[in-house]
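The sequence shown lines up with residues 10 to 159 when you count with the numbering used here.
Backbone N, C-alpha and C define an ideal beta-carbon position, used for all residues, glycine too.
The next block holds one structure in the form of structure tokens; read it before the comments.
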Amino acid sequence: MKALVTGASSGIGRELVKLLCSEKDNRVMGVARNEKALIELRENFKECFIPVQADLSTKSGVDLVVKEAVEKLGEIELLVNNAGFGLYKRILDHTDEELVSMTMVNFISPILLTKKLVDAMKPGSTVVYVITAGVYVILDDLPIYGLLYF
Ligand SMILES: NC(=O)c1ccc[n+]([C@@H]2O[C@H](COP(=O)([O-])OP(=O)(O)OC[C@H]3O[C@@H](n4cnc5c(N)ncnc54)[C@H](OP(=O)(O)O)[C@@H]3O)[C@@H](O)[C@H]2O)c1
């Protein structure tokens, strides 16, 4: 299987890369900003893992991922939009940059990636959006983060 996993440098994304690369013949492209963590995965999983250092808070970062995925994976069977973050702040305490960045990474980039990669996905492929329980409950400490997934 050929898979693209965002947020591959830690947590859920990194564990998913490990799982996918434990199966023979899988190829996994992993996206994150942390170069050291990406290099470590490449060293551990060799040709199974293709690192892409990109910032998904920017449209140029999304475009870079799309270009690399099409060139190096070709057909994609699994897209996991996992990259995301929350800030423990009241809404009005967020800076402009934090608001734009969180909206891009958590909400807009996953949709852009899906839209731009859908032509590289054959029928029956899977797109996963990792979201949050904040969809169902009010997260007082994480107000923007919870709202973004509604
Ligand atoms: N852990 C939980 O309890 C929980 C609960 C509900 C939902 N979630 C969601 O599940 C997903 C994974 O969570 P996690 O706990 O595994 O988080 P994590 O360990 O903090 O990992 C987040 C990943 O997102 C990447 N990321 C963040 N900002 C990015 C950016 N601007 N560009 C590219 N990549 C970026 C990080 O990579 P770099 O920093 O290297 O860029 C990292 O690989 C997130 O979407 C999170 O919101 C988690």
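Decide if Pro132 is buried, meaning its Cβ has at least 16 other Cβ atoms within 10 Å, or exposed.
The residue given as residue 132 occupies position 123 in the sequence shown. It is exposed - the Cβ of Pro132 has fewer than 16 other Cβ atoms within 10 Å.
Thinking Ala63 and Val40 are a contact (beta carbons under 8 Å), I'd like their distance in whole angstroms, please.
Taking the first residue of the sequence shown as 1, we reach residue 63 at position 54. Taking the first residue of the sequence shown as 1, we reach residue 40 at position 31. Going by Cβ atoms, the distance from Ala63 to Val40 rounds to 5 Å, so yes, they are a contact pair.
Buried or exposed for Arg23, please, with buried defined as at least 16 other CB atoms from any protein chain shown within 10 angstroms of its CB.
Walking along the sequence shown from the start, residue 23 turns up at place 14. Answer is buried; the Cβ neighbour count reaches 16.
Can Val75 be considered in contact with ligand 1, in the sense that its beta carbon sits closer than 7 Å to one or more heavy atoms?
The count along the sequence shown starts at 1 and reaches residue 75 at position 66. No.
If you compare alpha carbons, which of Ser134, Ser31, Leu13 and Gly93 is closest to Lys81?
Mapped onto the sequence shown, residue 81 falls at position 72. The option with the nearest alpha carbon to Lys81 is Leu13.
Does the beta carbon of Ser5 fall short of 7 Å from some heavy atom of ligand 1?
One cannot answer for residue 5 here, as it falls past the ends of the chain, which runs 10 to 159.
Could you tell me which uninterrupted alpha helix (DSSP H) segments, each at least 4 residues in length, are contained entirely in the stretch 60-111, listed from first to last along the chain?
As far as the stretch 60-111 is concerned, its whole alpha helix (DSSP H) runs of at least 4 residues are 68-77.
If you measure from the CB of Leu82, is any heavy atom of ligand 1 nearer than 7 Å?
Translated into the one-based positions of the sequence shown, residue 82 becomes position 73. Checking the Cβ of Leu82 against ligand 1 gives no.
Check whether the Cβ atoms of Ser66 and Val114 lie closer than 8 Å to each other.
Against the sequence shown, residue 66 aligns to sequence position 57. Against the sequence shown, residue 114 aligns to sequence position 105. Yes. Within cutoff.
Can you tell me where the beta strand (DSSP E) with Arg6 in it begins and where it stops?
Residue coverage of the chain in this structure runs from 10 to 159, which leaves residue 6 outside it and unanswerable.
Compute the minimum distance between the beta carbon of Leu65 and the heavy atoms of ligand 1, and state whether it is under 7 Å.
The residue labelled residue 65 in the question sits at position 56 within the sequence shown. Yes, Cβ of Leu65 sits closer than 7 Å to a heavy atom of ligand 1.
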